Every structure is written in C-alpha cells, then in structure tokens.
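Since the structure comes first, as structure tokens, the remarks are kept for the end.
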Amino acid sequence: MCRDKERMGEESNVVEFPQEKDDNWKRFLRLGIKQYYAQSQVLKSLDHSHIKDTADRLISVLEFNISGCWEDPTEPLLKDFAPGNYDEMIHERDIKIITTCAHHAERIVGKAHFSYIPRSKIVGLSKIPRMVDILCRRPQIQENLTEQIVDTFQKTVDPYGCGVHVRAYHFCMIARGIQEPMVVTETTAMRGSFKDGLTRQEFLSSLDHTGIVFP
Ligand SMILES: [Zn+2]
Numbered sequence: 016m017c018r019d020k021e022r023m024g025e026e027s028n029v030v031e032f033p034q035e036k037d038d039n040w041k042r043f044l045r046l047g048i049k050q051y052y053a054q055s056q057v058l059k060s061l062d063h064s065h066i067k068d069t070a071d072r073l074i075s076v077l078e079f080n081i082s083g084c085w086e087d088p089t090e091p092l093l094k095d096f097a098p099g100n101y102d103e104m105i106h107e108r109d110i111k112i113i114t115t116c117a118h119h120a121e122r123i124v125g126k127a128h129f130s131y132i133p134r135s136k137i138v139g140l141s142k143i144p145r146m147v148d149i150l151c152r153r154p155q156i157q158e159n160l161t162e163q164i165v166d167t168f169q170k171t172v173d174p175y176g177c178g179v180h181v182r183a184y185h186f187c188m189i190a191r192g193i194q195e196p197m198v199v200t201e202t203t204a205m206r207g208s209f210k211d212g213l214t215r216q217e218f219l220s221s222l223d224h225t226g227i228v229f230p
C-alpha cells in the first residue's frame, strides 16, 4: 500500500533557520569528559598523552556534527539555470549520507538517490549533495532527513516533482544495543508529480536495493 499521504495542511519538514547559538555546553561537556576519564580504568592502561586533549577533540567532533543547524539548506539551490528543452527525470545517485542519530549521537552512513523533473529551472549538479550535506550535519532520524531533502528542494526549486531514496547503516544498531551489523534501513519520500502513478513507478523502478550501502 502506498505510504505517501496527502500533506495538504501538514507542517513542513523544512527546519527553521537560523537558530540561537549557545556555546555554554562546551564548558560543561569538557568538565564531564574530564571526569569520565579521571574515573575510568583507561587511565591506568593508557599513556596520559593520548587522552589529555580528548575532551577538546570530542567537542570539535560534536560541534561539526551539528554545524548544519546554523546553515541554510536552501542556499546552495538558489543559483539555478533554465532547463532548455529537457523535460525528463534527472537522477543523482550515490549522494553521500553521513549524519548523526538524534537519539544516540551515533553515526548513520549510507547513500541517497535523488531525482526530479524540472519545471522552469535546473540546479548545478553539485548543489543537491551540498543541500543534503547541510541537512546531514544536524541531529537526524533517517525518516525525517528523507522528508527534509524533498521538502527543501520542492519548496526552493519548484520542480514538477522530486523523490529521494536513502539506504543507510545505523551505528546505534551496529556498535551498541542489538549489535546487528547487516541491517540496511531504506526510506523514500516523494513530492509533486512523483506521487502520480506512472512517474512514481518510473522513480521506484530506478532505485537500487542491493548495491554497496557505503561509501
Ligand atoms: Zn540511534
């Protein structure tokens, strides 16, 4: 059964930006990480030189992982071109997905397949991965990320329709919890004409469900 639903009147998945930035968390996190190492057995087995700067390194990692919260994902899409006579589906396969699970702060890695049918403009080929990258540098769950990609593109570029398919590994399933390394999570979202029968079928039949997930 079709999972897509009419979104008339529903809230957009495009996240508002910019949000207020508060750097206080770094001070508290640095203290917390230092306490963690101070109370850990790791101090007895590791040369202190390996961990003396780890609090600052970890803060840098986390800061990078949320840096997209203060960037506008529509910005890369604002420079566009006339499509000429091209009126068929455009596919971009194997767009890198590296994002952070909002629940566990573990990595989600995979690929996205994005497609659209231009109405009055096309965008540069590098602009779609740039838009995806900004959304990925935010705490995410895969379902929301998938919908945000098509909502951001549809709202900004106004194609006849667009669709995205994301396949990913979740390290919160691989490295903790269930410790299940082989599960691939697949999500799909479509907007505009991609919800209609033949276009929907053309998009769905172009997807790869068996290839390498990452890189
Ligand atoms: Zn998780």
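Residue numbers (my numbering): 16 to 230.
Built from N, CA and C at the ideal position, the CB exists for glycine as well.
These numbers come from a predicted model, not from an experiment.
Review point. How do the segment 119-128 and the segment 176-185 stand: do at least 3 beta-carbon pairs fall below 8 Å, yes or no?
Key: yes
Practice item. Please work out which residues of its chain come closer than 8 Å, Cβ to Cβ, to aspartate 102, disregarding the five sequence neighbours upstream and downstream, and give them in chain order. Key: Sequence index remark: in the sequence shown, residue 102 carries index 87 (1-based). Contacts found: Ile132, Pro133.
Check your understanding: Is it right to say threonine 214 is buried, meaning 16 or more other beta carbons lie within 10 angstroms of its own, or is it exposed?
Key -> Walking along the sequence shown from the start, residue 214 turns up at place 199. So threonine 214 ends up on the buried side.
Review point. When DSSP builds the beta bridges, which residues end up paired with threonine 115?
Key: Along the sequence shown, read from residue 1 onward, the residue named residue 115 stands at position 100. Beta-bridge pairing links threonine 115 to Arg122, Pro154.
**Study point:** C-alpha distance - lysine 36 paired with isoleucine 123, whole-angstrom precision
**Key:** Within the sequence shown, residue 36 is the residue found at index 21, counting from 1. Within the sequence shown, residue 123 is the residue found at index 108, counting from 1. Straight-line Cα distance between these residues: approximately 24 Å.
Review point. Is cysteine 151 near ligand 1, in the sense that its beta carbon is under 7 Å from a heavy atom of that ligand?
Key: Residue numbering aside, residue 151 sits at position 136 when the sequence shown is read from its first letter. No - ligand 1 has no heavy atom lying nearer than 7 Å to the Cβ of cysteine 151.
Review point. Are the segment 159-169 and the segment 206-224 touching by the rule of at least three beta carbon pairs closer than 8 Å?
Key: yes
Point to revise | serine 221, DSSP secondary structure in three states | key: Translated into positions along the sequence shown, residue 221 becomes position 206. Reduced to three states, the DSSP call for serine 221 is coil.
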